[in-house]
Each structure stands twice: as C-alpha cells, then as structure tokens.
Amino acid sequence: MDAARAINHHADHRGFAGVTGVLCGLVFLLVGRAKARLAADTAQLSSADHVVDVGCGPGTAARVAARRGARVTGVDPASTMLRIARLVTPKRAPISWRVGTAEALPVPDGSATVVWALATVHHWQDVDKAVAEARRVLVPGGRLIAIERQSPPDATGLASHGWTLQQAESFATLCRDTGFDDVSVAERGDGKGSVWVVSGTRR
Ligand SMILES: C[S@@+](CC[C@H](N)C(=O)[O-])C[C@H]1O[C@@H](n2cnc3c(N)ncnc32)[C@H](O)[C@@H]1O
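Its first residue numbered 1, the sequence shown is counted upward by one per residue in UniProt numbering.
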C-alpha cells in the first residue's frame with residue numbers, strides 16, 4: 001500500500017512530550033468532545049461496561065464513559081497526556097490511567113467489553129498487532145470502535161491527521177481478518193466535523 005494511504009500514515013510522529021505535548025493536550029481537550037460523545041453513543045454504554053480507551057490523550061472520552069456509568073482504563077504512551085488527564089479528572093471517577101501502547105495493552109485477557117480508539121489509529125506503529133491486542137483484551141461479543149476524522153487524500157499538516165474512506169475500509173478489512181464480526185464503516189457528522197466510525201464485535 002502507498003505509504004501516504006497507509007492506515008497508520010502518521011506512525012512516524014515524534015510523540016507528545018514537553019511544552020508542545022502540553023499544548024497539544026490542551027487542544028485535544030477542546031476538540032475531542034464530539035468524538036467522545038459519538039463513541040459513547042455508538043457503544044451504548046451501561047454500568048456493566050469496562051471501556052479501554054486506547055490512545056486516550058487527556059482523557060475526554062474516558063470521562064464521558066465514566067459519567068455514563070462505565071469503568072474505564074485509559075491507555076496512552078505519552079506521560080504528558082496522562083498527567084493532564086489526571087489533573088482534570090475528578091479523583092472519584094472510576095478511571096485507571098496506564099502508560100502503554102495499542103500494540104501492548106497493559107490490560108488482562110478478556111477483561112474489557114469495549115475497546116475504543118479515537119483519533120489515534122493513524123499514529124500506531126503496528127496496526128496488525130494492535131487490532132490483535134484489542135481482540136485479546138475483549139470478551140467474546142465485546143465491541144471495537146475506531147473513530148478518525150475524514151481527511152482528503154491530498155491533505156497536509158493538521159488536516160492530514162485522519163482517514164480517507166479507503167483507509168477506513170482497510171482498517172475494517174483488517175478487523176474482519178483478525179476475528180471481528182459485523183464490521184461496518186459509517187460516516188458521521190458533516191462538513192469539517194465529519195468522521196469515519198469503524199466498529200465490530202469480537203468473535
Ligand atoms: C490526536 S491524539 C487523540 C487523543 C484522544 N483519543 C482524543 O481524542 O482526544 C492521539 C493520541 O494517540 C496516542 N498514541 C500515539 N501512538 C500510540 C500508540 N502506538 N498506542 C496508543 N496510543 C498512541 C498519542 O500519545 C496521543 O495521545
């Protein structure tokens with residue numbers, strides 16, 4: 001596959017550390033709310049759920065899930081992001097923050113009912129390994145949800161941090177090949193806020 005069209009076309013991003021990492025974390029706090037609500041609506045969360053928020057950043061979606069009654073594990077490789085997440089999250093919230101990656105989730109086998117990944121798959125180093133990890137930590141019947149902003153093939157800069165339809169379809173195919181059923185690609189939102197939602201159920 002052409003590197004510009006790879007599912008993880010920003011795998012070489014240098015990560016979120018230092019002052020730049022803090023600034024990015026603050027921006028993610030502002031822009032992540034609609035995606036977080038969409039993820040929670042798509043998952044139809046209940047108090048029986050344990051959500052693993054992969055690439056949780058400053059934790060916006062993790063807090064939405066906790067407010068809807070779920071238990072949450074927020075995982076991110078960037079300690080700067082997790083520091084912001086801890087700072088802005090009420091202590092009583094049922095959320096554990098863990099340093100880790102999608103490729104090696106610090107979560108036991110079959111312990112999650114939902115794994116979601118918001119605006120992060122395009123950064124993963126090894127998407128095949130990460131989808132297998134999502135399957136490992138999910139219970140049978142558990143749901144995987146990935147959300148990425150829509151990004152035209154010729155986008156540059158910040159606008160390129162997303163997926164074309166072809167990238168969303170490639171991720172869906174990988175999920176089917178890795179043991180997920182009922183995998184779908186849906187378009188949500190409109191204009192600049194449009195996103196792809198890829199979801200499936202662990203076999
Ligand atoms: C654009 S931010 C999105 C953060 C959050 N999900 C949100 O929607 O606000 C992408 C996040 O993915 C994380 N990330 C990068 N590579 C990762 C990997 N291999 N596994 C898990 N997370 C990763 C980054 O540290 C960053 O916090």
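Just so you know, even glycine gets a beta-carbon here, dropped at the ideal spot from N, CA and C.
Check: Among 164, 171, 52, which has the Cα closest to the Cα of residue 194?
Finding: 164
Margin query: Measuring only the C-alpha atoms, how far is residue 191 from residue 38?
Written below: Cα to Cα, the separation comes out at about 16 angstroms.
Check: Taking C-alpha atoms, which residue in 41, 19, 56, 119 lies nearest to residue 143?
Finding: Comparing Cα-Cα distances from residue 143 to each of 41, 19, 56, 119, the minimum goes to 41.
Check: Thinking C-alpha only, which one of 151, 157, 189, 137 is nearest residue 180?
Finding: 137
Check: Which residues mark the beginning and the end of the alpha helix (DSSP H) in which residue 188 is found?
Finding: Segment 180-188 is the beta strand (DSSP E) holding residue 188; no alpha helix (DSSP H) there.
Margin query: I'd like to know whether the C-beta atoms of residue 121 and residue 130 end up nearer to each other than 9 angstroms.
Written below: yes
Check: Which value, in whole angstroms, describes the spacing of the CA atoms of residue 10 and residue 124?
Finding: 8 angstroms
Item checked: Enclosing alpha helix (DSSP H) for residue 80 [first to last residue] -> 79-88
Margin query: Is residue 163 close to ligand 1? I mean its beta-carbon at under 8 angstroms from any heavy atom of the ligand.
Written below: no
Margin query: For ligand 1, is there any heavy atom lying closer than 8 angstroms to the beta carbon of residue 12?
Written below: no
Item checked: Beta-bridge partners of residue 148, as assigned by DSSP -> Answer is 196, bridged to residue 148.
Next item on the list: Please report how far the alpha carbon of residue 81 lies from the alpha carbon of residue 184, in whole angstroms.
Entry: 30 angstroms
Notebook entry, point to check: With respect to 8 angstroms, is the separation between the Cβ of residue 76 and the closest non-hydrogen atom of ligand 1 below this value?
Noted result: yes
Next item on the list: State the Cα-Cα distance for the pair residue 2 and residue 18, rounded to the nearest angstrom.
Entry: The predicted model places residue 2 with a pLDDT of 46, which falls under 50 and marks its position as unreliable, so this point remains unresolved.
Check: Quick one, which of 200, 182, 189, 149 has its alpha-carbon nearest residue 7's?
Finding: Comparing alpha carbon positions, the residue from 200, 182, 189, 149 closest to residue 7 is 149.
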